[in-house]
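Engineer: Would you mind keeping the following structure in view while I ask a few things?
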Amino acid sequence: MSAIAPYLFIIVPIIKILLLVFVVLTADAYLTWLERKVIAHIQVRWGPYRVGPHGLLQPLADGIKFILKEDPLPDGVDKKAYFFAPFLTLMLAVTSLGVIPFGPDITILGYKTNFGIADVNISLLALFAITALSVYGIALAGWGSNSKYSLLGGLRSSAQMISYELSLTLSVVGVLLMAGTLSLKEIVEHQFNPGIGFLGWNIIGFSADHAGFTQIIGCICFFISAIAETNRVPFDLPEAESELVAGFHTEYASMKFAMFFIGEYTAMIAVSSLSTILFFGGWLSPFPASWTWTHYLPSVLLIPFGLWVLFDGIRYETIFGRIVLPVLGSALTAAGAGLALYSPVNEIIQGPFWFFVKVFAALFFYIWMRGTLPRFRYDQLMDFGWKFLLPVSIANLVLTSAVILWRMHG
Amino acid sequence: MSAVLFIFFVLAGLAVFGAAALILQSHPIHSALSLILVMLCLAGLYLLLGAEFVAAVQIIVYGGAVMVLFVFVIMLLNAGEEERTNFSKLASPFFGIPLALALGSLIAVALLRSTTQLPSPAAGGPLTSTRDLSKLLFSEFVYPFELTSFLILVAILGAIVLAQREHN
Amino acid sequence: MVPITYYLILSAVLFGLGVVAFVFKRNIITIFMAIELMLNAVNLAFVAFSQALGKTDGEVFVLFVIVVAAAEAAVGLGIIILTARNRRSLNIERVDLLKL
Numbered sequence: 076m077s078a079i080a081p082y083l084f085i086i087v088p089i090i091k092i093l094l095l096v097f098v099v100l101t102a103d104a105y106l107t108w109l110e111r112k113v114i115a116h117i118q119v120r121w122g123p124y125r126v127g128p129h130g131l132l133q134p135l136a137d138g139i140k141f142i143l144k145e146d147p148l149p150d151g152v153d154k155k156a157y158f159f160a161p162f163l164t165l166m167l168a169v170t171s172l173g174v175i176p177f178g179p180d181i182t183i184l185g186y187k188t189n190f191g192i193a194d195v196n197i198s199l200l201a202l203f204a205i206t207a208l209s210v211y212g213i214a215l216a217g218w219g220s221n222s223k224y225s226l227l228g229g230l231r232s233s234a235q236m237i238s239y240e241l242s243l244t245l246s247v248v249g250v251l252l253m254a255g256t257l258s259l260k261e262i263v264e265h266q267f268n269p270g271i272g273f274l275g276w277n278i279i280g281f282s283a284d285h286a287g288f289t290q291i292i293g294c295i296c297f298f299i300s301a302i303a304e305t306n307r308v309p310f311d312l313p314e315a316e317s318e319l320v321a322g323f324h325t326e327y328a329s330m331k332f333a334m335f336f337i338g339e340y341t342a343m344i345a346v347s348s349l350s351t352i353l354f355f356g357g358w359l360s361p362f363p364a365s366w367t368w369t370h371y372l373p374s375v376l377l378i379p380f381g382l383w384v385l386f387d388g389i390r391y392e393t394i395f396g397r398i399v400l401p402v403l404g405s406a407l408t409a410a411g412a413g414l415a416l417y418s419p420v421n422e423i424i425q426g427p428f429w430f431f432v433k434v435f436a437a438l439f440f441y442i443w444m445r446g447t448l449p450r451f452r453y454d455q456l457m458d459f460g461w462k463f464l465l466p467v468s469i470a471n472l473v474l475t476s477a478v479i480l481w482r483m484h485g
Numbered sequence: 780m781s782a783v784l785f786i787f788f789v790l791a792g793l794a795v796f797g798a799a800a801l802i803l804q805s806h807p808i809h810s811a812l813s814l815i816l817v818m819l820c821l822a823g824l825y826l827l828l829g830a831e832f833v834a835a836v837q838i839i840v841y842g843g844a845v846m847v848l849f850v851f852v853i854m855l856l857n858a859g860e861e862e863r864t865n866f867s868k869l870a871s872p873f874f875g876i877p878l879a880l881a882l883g884s885l886i887a888v889a890l891l892r893s894t895t896q897l898p899s900p901a902a903g904g905p906l907t908s909t910r911d912l913s914k915l916l917f918s919e920f921v922y923p924f925e926l927t928s929f930l931i932l933v934a935i936l937g938a939i940v941l942a943q944r945e946h947n
Numbered sequence: 016m017v018p019i020t021y022y023l024i025l026s027a028v029l030f031g032l033g034v035v036a037f038v039f040k041r042n043i044i045t046i047f048m049a050i051e052l053m054l055n056a057v058n059l060a061f062v063a064f065s066q067a068l069g070k071t072d073g074e075v076f077v078l079f080v081i082v083v084a085a086a087e088a089a090v091g092l093g094i095i096i097l098t099a100r101n102r103r104s105l106n107i108e109r110v111d112l113l114k115l
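Just so you know, the protein sequences line up as chains A, B and C, in that order.
Read in order, the letters of the first sequence correspond to residues 76 to 485 in the numbering used here.
Read in order, the letters of the second sequence correspond to residues 780 to 947 in the numbering used here.
Read in order, the letters of the third sequence correspond to residues 16 to 115 in the numbering used here.
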């Protein structure tokens, strides 16, 4: 260990990057499964059900389909722009996950490291910089495809993204005023109030020693702007199927389309993570710190879930399901029991567990909106962004700064 | 060769490559992409110099807004490739490039020889904290700050007036 | 580590390439991009000096240059769009008369 100690500062981030890329790409794949299931249940039908037990192998089938599909090259495309655009979208989406802290600082085998890849002083601003650059993926895709539908979809989509970027950044400034720092880790630590748990989160903002104000307006503005930034329903007219064929990614097929697709879901995960860090306390537990029995919650949730999967699998329709599901269920139960008994791992798991619960709730909200709301028309969309969201974000900023000044001096 | 020096040469080389590509490409959209590359490399160089806030602002404003504007205009006006020039084909390799290299090396040698008068940055360099930058911006430079906000307002008005359709 | 002269030489090279692009390209938009390149080269010199002298004033000035360049780009591109529509060409050699 001491022989490689001088090089640990390179090896540890590389390991973290590999782990993060693996986890995020798997999470993307199963996010598509979750989306199809949730939207299906909203529409009173089952989603994928046949490909593997409960459709759990559907993402694998989709991946194989994408790899084996024909990859056409339309005539007259601008090769540099056409090939660069999906790569750029995916690269920026995954890079934005590099500055997000998933948990508090941990010490593994005597090496203290932060629970994200990079701990930058300006991580919030770096995240906005990466979001600002992702407009190019869409603009270049639309233009490089040599097709009028793609060009129109690309231009509309880029105009929408740069309009909602303004309210995205302004709705966050209230949080910055309260925390006094641009570093995401310190913003989460600012919301840490050992006595009162979730009331210290920025969405409610009670605090004994720092001046604060509830950021609920900022949270709503941020969430709406984020949905517009990632081109999801109800703001997805530029890629809507009935209006514009498929917008900027009409001329893309198989692997390049898959890259856009994965990039969109990864951006969704990044934006949900950002909203939990800024407004919902990141990795902080909603319970007061003195309630140490809440540290057993992960295993308390995991054990019944594992048992449910086990008993559901025993009576499943297909034989494959009858083998796989009980194995999965017993593995989950064993993991839950192991967590309850083996305390050091349980302590490390606490932060990321709450982080993932909150991100999952935010993603579920995203998918829920997709299943429920109709689309905005394009001019209504732009009106809403410039004439409603931007003034409301600025009003939130002014109100927050007024309250902070009053509490600091009053 | 320390790590910082190596990163500097990589970023500087990419920036010069991007600027050369701006000149040598024929289609304006490829020139715009090269300029975006130059701006990203410059943001990296600002990070090396410890100016992290300026690097982030460079990417957000220049790379994410100004160049997007350029790309939009190129797409809207459907700018095509540049026409062929009828400049002489001998002037550039025989006179232009050697003269430019000579002038450039003259300036470089003059700068390198005068290091005794220019202060060199501290080893690695301390990061400029955003707090210090903002304190300076709002205390000593508050008048230019307010003036630039007025300038942006005037620019918005100008852009709106220019973009209006003619009322016939 | 990196002497400040290296940054200044890079800034001079970028500025020179910007001037070359400004003089030799004939598309109005490319000429405008060369102006932005020159502004960026100057920004690099400012930040390098700010680090070398240990004062933050240079970086504040860079922020102002970035803001002014953005405002100038907005208005300038508006003018370019109107000019291109009126003369139906983006070639700067066709914009050499006041008469349309």
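Each residue gets a CB set at the ideal place from its N, CA and C atoms; glycine is no exception.
List the residues of chain C whose Cβ lies closer than 8 angstroms to the Cβ of B:Met-818, in chain order.
Structural biologist: Asn-55
Engineer: If you follow the beta strand (DSSP E) that A:Lys-187 is in, where does it begin and where does it stop?
Structural biologist: 186-188
Engineer: Listing by chain order, which chain A residues have their CB less than 7 angstroms from the CB of B:Glu-831?
Structural biologist: Asn-196 and Ile-197
Engineer: Which of the three DSSP states is assigned to B:Thr-909 in this structure?
Structural biologist: helix
Engineer: Are A:Trp-108 and A:Pro-134 closer than 8 angstroms when you measure CB to CB?
Structural biologist: yes
Engineer: Kindly indicate which residue of A:Phe-336, A:Val-473 and A:Trp-366 has the alpha-carbon position closest to the one of A:Leu-165.
Structural biologist: A:Phe-336
Engineer: Following the continuous alpha helix (DSSP H) through A:Ile-90, name the residue where it begins and the one where it ends.
Structural biologist: 83-117
Engineer: So the candidates are C:Leu-113, C:Asp-111, C:Val-17 and C:Phe-37; which of them puts its Cα closest to the Cα of C:Ala-63?
Structural biologist: C:Val-17
Engineer: Applying the 10 Å Cβ sphere with the 16-neighbour rule, what's the burial state of B:Ala-902?
Structural biologist: Its pLDDT being 47, under 50, B:Ala-902 is placed unreliably in this model, and the coordinates cannot settle the point.
Engineer: Tell me, to the nearest whole angstrom, how far the beta carbon of C:Phe-30 is from that of C:Ala-56; I am working on the premise that it is less than 8 angstroms.
Structural biologist: 4 angstroms
Engineer: Looking only at C-alpha atoms, which of A:Ser-242, A:Leu-456 and A:Ser-246 sits nearest to A:Thr-289?
Structural biologist: Looking at the Cα atoms, A:Ser-246 is the closest of the given residues.
Engineer: List the residues that DSSP assigns as beta-bridge partners of C:Asn-106.
Structural biologist: C:Asn-42
Engineer: For A:Ser-222, which residues in the same chain have their Cβ closer than 8 angstroms to its Cβ, ignoring the five residues on either side in sequence?
Structural biologist: Pro-149, Thr-325 and Glu-326
Engineer: Under DSSP, the beta strand (DSSP E) around A:Ile-183 begins and ends at which residues?
Structural biologist: 181-183
Engineer: If we require 3 or more residues per run, which beta strand (DSSP E) segments fall completely within the stretch 166-248 of chain A?
Structural biologist: 181-183 and 186-188
Engineer: With 16 other CB atoms within 10 Å as the buried threshold, where does A:Pro-30 fall?
Structural biologist: Nothing can be reported for residue 30 of chain A: it is not among the residues displayed for chain A, which extend from 76 to 485.
Engineer: Name, please, each residue of chain B whose Cβ falls closer than 9 angstroms to the Cβ of C:Asp-72.
Structural biologist: Identification of chain B residues near C:Asp-72 by a Cβ-Cβ cut-off of 9 angstroms yields Leu-915, Glu-919 and Phe-920, ordered along the chain.
Engineer: Taking 7 angstroms as the limit between beta carbons, can you name the residues of its chain near A:Tyr-340, skipping five residues before and five after?
Structural biologist: Asp-103, Leu-106 and Thr-107
Engineer: Measuring only between beta-carbons, confirm whether A:Val-119 sits less than 8 angstroms from chain B.
Structural biologist: no
Engineer: Would you say A:Trp-276 reaches chain B, if we count a Cβ-Cβ gap shorter than 8 angstroms as a contact?
Structural biologist: no
Engineer: Could you check which residue in B:Leu-856, B:Leu-941 and B:Leu-824 has the C-alpha nearest to that of B:Ala-807?
Structural biologist: The amino acid occupying residue 807 of chain B in the given sequence is Pro; Ala does not appear at that position. Looking at the Cα atoms, B:Leu-856 is the closest of the given residues.
Engineer: Contact between the stretch 255-263 of chain A and the stretch 293-309 of chain A is defined here as three or more beta-carbon pairs at a separation below 8 angstroms; is this criterion met?
Structural biologist: Segments in contact, no.
Engineer: Leaving out the 5 sequence neighbours to the left and right, which residues in its chain are closer than 7 angstroms to B:Ala-794 when beta-carbon positions are compared?
Structural biologist: Val-817, Cys-820 and Leu-821
Engineer: Does A:Leu-464 get closer than 8 angstroms to chain B when you measure Cβ to Cβ?
Structural biologist: no
Engineer: Any idea what DSSP makes of A:Gln-133, helix, strand or coil?
Structural biologist: helix
Engineer: Alpha carbon to alpha carbon, what distance is there between A:Ala-160 and A:Leu-377?
Structural biologist: 41 angstroms
Engineer: Hey, how far is the Cα of A:Gln-425 from the Cα of A:Pro-373?
Structural biologist: 8 angstroms
Engineer: At 9 angstroms on the CB atoms, spell out the chain B contacts of A:Trp-218, in chain order.
Structural biologist: Ile-808, Val-850, Ile-853 and Met-854
Engineer: Does the CB of B:Thr-907 have a neighbour CB from chain A at under 8 angstroms?
Structural biologist: no
Engineer: Only counting the same chain, and skipping five residues up and downstream in sequence, which positions put a Cβ closer than 8 angstroms to that of B:Glu-831?
Structural biologist: Tyr-825, Leu-906, Thr-907 and Thr-909
Engineer: When you compare the CB of C:Ala-63 with every CB in chain B, is at least one pair closer than 8 angstroms?
Structural biologist: yes
Engineer: Quick one: Cα of A:Leu-252 to Cα of A:Gly-219, how far?
Structural biologist: 42 angstroms
Engineer: Is DSSP giving A:Trp-429 helix, strand or coil here?
Structural biologist: helix
Engineer: Using a beta-carbon distance below 8 angstroms, is A:Ser-233 in contact with chain B?
Structural biologist: yes
Engineer: For C:Lys-114, count the other beta carbons within 10 Å of its own beta carbon; 16 or more makes it buried, fewer makes it exposed. Which is it?
Structural biologist: exposed
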